[in-house]
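Its first residue numbered 111, the sequence shown is counted upward by one per residue in my numbering.
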Amino acid sequence: QTAPVLTIDGPGGAGKGTISRMIAERLGWHLLDSGALYRLTALAALRKEVALDDVERLTRQAQRLDVVFAVEDGAMRILLEGDDVTRAIRREEVGNAASQVAALPPVREALLQRQRDFRQAPGLVADGRDMGTVVFTDAPLKIYLTASAEERAQRRLRQLREAGEDARLATLLEEIQARDARDMQRAVAPLKPAEDAVELDTTQLDIPEVVERIETLLAERG
Ligand code: C5P
Numbered sequence: 111q112t113a114p115v116l117t118i119d120g121p122g123g124a125g126k127g128t129i130s131r132m133i134a135e136r137l138g139w140h141l142l143d144s145g146a147l148y149r150l151t152a153l154a155a156l157r158k159e160v161a162l163d164d165v166e167r168l169t170r171q172a173q174r175l176d177v178v179f180a181v182e183d184g185a186m187r188i189l190l191e192g193d194d195v196t197r198a199i200r201r202e203e204v205g206n207a208a209s210q211v212a213a214l215p216p217v218r219e220a221l222l223q224r225q226r227d228f229r230q231a232p233g234l235v236a237d238g239r240d241m242g243t244v245v246f247t248d249a250p251l252k253i254y255l256t257a258s259a260e261e262r263a264q265r266r267l268r269q270l271r272e273a274g275e276d277a278r279l280a281t282l283l284e285e286i287q288a289r290d291a292r293d294m295q296r297a298v299a300p301l302k303p304a305e306d307a308v309e310l311d312t313t314q315l316d317i318p319e320v321v322e323r324i325e326t327l328l329a330e331r332g
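Pasting the structure below:
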């Protein structure tokens, strides 16, 4: 008996994180933030000064990733080798490194089983780039969430400002476009909608509207 999975894939900044968290909370399902695993691998590499093209060492790091996802007062804390890196992995520098590391097939392979282990009763919401196309191909509902690059850059800017960081819109837009291109053009598990995915463009939708649409689709398929 495998637990149901709702996959939510799409480019960075489309709202996957927030939406996935809200739906998981409302359903009482587990949550997989697969991007965090790539970010953790990248952060571990940056800290140990492992080159981002040293496939062998990066793969070993991904295999041995000592990570704990802990829920504390309703908020998710992420520990890497016992060190709280919840905020550190969200930095742009780490996101860009993650997207480089994520283009390496052996690294992806090393993280595959770890991701599948999150599938437990009563269900899982899986957020990423290849949840529907590679990791959980049999998911009963697959969502592909998008928004225009400009809108995503605006959202990222707001997020960063709320976290007390500063950034320029033009720089963020360039980074988003570069990361989209890298994620979509890589040879292995490129970012694209699964054939059976439902595409939702969130440029003009607010968060409650997106949550409601996904819950309606889930209820129809449940
Ligand atoms: O979603 P997030 O921005 O945290 O992901 C960081 C990077 O990790 C992405 O740019 C992408 O390259 C990679 N990633 C991936 N496959 C996933 C999730 C994230 O390749 N399932």
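Every residue, glycine too, gets a C-beta built ideally from N, C-alpha and C.
Alpha helix (DSSP H) segment containing R224, residue limits: Indexing the sequence shown from 1 puts residue 224 at position 114. Run containing R224: 215 to 226, per the alpha helix (DSSP H) assignment.
Residues of its chain near L327, where Cβ-Cβ distance is below 7 Å and the 5 sequence neighbours each way are ignored: Taking the sequence shown and counting its residues from 1, the one referred to as residue 327 is at position 217. Excluding sequence neighbours, L327 sits near L251, V308.
Minimum length 3: unbroken beta strand (DSSP E) runs contained in the segment 129 to 184: 140 to 143, 177 to 182
Check whether V235 and L156 have beta carbons under 9 Å apart: Along the sequence shown, one-based indexing puts residue 235 at 125. Along the sequence shown, one-based indexing puts residue 156 at 46. Result no, Cβ atoms of V235 and L156 do not sit closer than 9 Å.
Distance CB(I286)-CB(G127) smaller than 9 Å: Indexing the sequence shown from 1 puts residue 286 at position 176. Indexing the sequence shown from 1 puts residue 127 at position 17. Contact: no.
Distance CB(L190)-CB(L168) smaller than 9 Å: By 1-based counting over the sequence shown, the position of residue 190 is 80. By 1-based counting over the sequence shown, the position of residue 168 is 58. Not a contact, by the Cβ cut-off of 9 Å.
Segment contact, 8 Å Cβ cut-off, at least three pairs: the segment 239 to 246 with the segment 222 to 230: yes
Extent of the continuous beta strand (DSSP E) run through G238: Residue numbering aside, residue 238 sits at position 128 when the sequence shown is read from its first letter. Start and end: 234 to 238.
Where I317 falls, given that 16 or more other Cβ within 10 Å makes a residue buried: By 1-based counting over the sequence shown, the position of residue 317 is 207. Around the CB of I317, fewer than 16 other CB atoms lie within 10 Å, so the residue is classed as exposed.
M186 classed as buried or exposed, judged by whether at least 16 other C-beta atoms fall within 10 angstroms: For the purposes of this step, residue 186 is taken as the residue at position 76 of the sequence shown. Exposed.
Buried versus exposed, by CB contacts within 10 Å (16 or more), M241: Within the sequence shown, residue 241 is the residue found at index 131, counting from 1. Label assigned to M241: buried.
Closest residue to A208 among R323, R292, I118 (Cα-Cα distance): Indexing the sequence shown from 1 puts residue 208 at position 98. Closest by alpha carbon: R292.
Stretch pair the segment 137 to 148 + the segment 269 to 281: three plus CB contacts closer than 8 Å: Counting Cβ pairs under 8 Å, fewer than three are found: no touch.
L301 and D119 closer than 9 Å at C-beta: Locating residue 301 in the sequence shown gives position 191, where the first residue counts as 1. Locating residue 119 in the sequence shown gives position 9, where the first residue counts as 1. Yes, these two residues count as a Cβ contact at 9 Å.
Simplified DSSP assignment, three categories, for L315: What you label residue 315 is simply residue 205 of the sequence shown in a count that begins at 1. Three-state DSSP puts L315 in coil, outside helix and strand.
The ligand C5P heavy atom lying under 8 Å from the CB of A299: Mapped onto the sequence shown, residue 299 falls at position 189. Checking every heavy atom of the ligand C5P against the Cβ of A299, one is found closer than 8 Å.
For K126, the three-state DSSP class (helix, strand or coil): Counting from 1 along the sequence shown, the entry for residue 126 is found at position 16. DSSP places K126 in helix when its eight states are reduced to three.
Proximity below 9 Å, CB of Y254 to CB of A212: In the sequence shown, the residue the question calls residue 254 occupies position 144. In the sequence shown, the residue the question calls residue 212 occupies position 102. No, the Cβ-Cβ distance between Y254 and A212 is not below 9 Å.
Three-way DSSP call (helix, strand, coil) for L301 in this model: Position 191 of the sequence shown, counted from the start, is the residue given in the question as residue 301. In the structure shown, L301 sits in coil (DSSP, three-state: anything other than H, G, I, E or B).
Burial state of D183 (16 or more Cβ within 10 Å): Here residue 183 is taken as the residue at index 73 of the sequence shown, counted from 1. Around the C-beta of D183, fewer than 16 other C-beta atoms lie within 10 Å, and the residue is accordingly described as exposed.
The alpha helix (DSSP H) enclosing D290, as first and last residue numbers: In the sequence shown, the residue the question calls residue 290 occupies position 180. Its alpha helix (DSSP H) spans residues 279 to 295.
Integer-rounded CB distance, given that A124 should sit under 8 Å from P232: Here residue 232 is taken as the residue at index 122 of the sequence shown, counted from 1. Here residue 124 is taken as the residue at index 14 of the sequence shown, counted from 1. Actually they are not in contact, since the Cβ atoms of P232 and A124 sit about 26 Å apart, beyond 8 Å.
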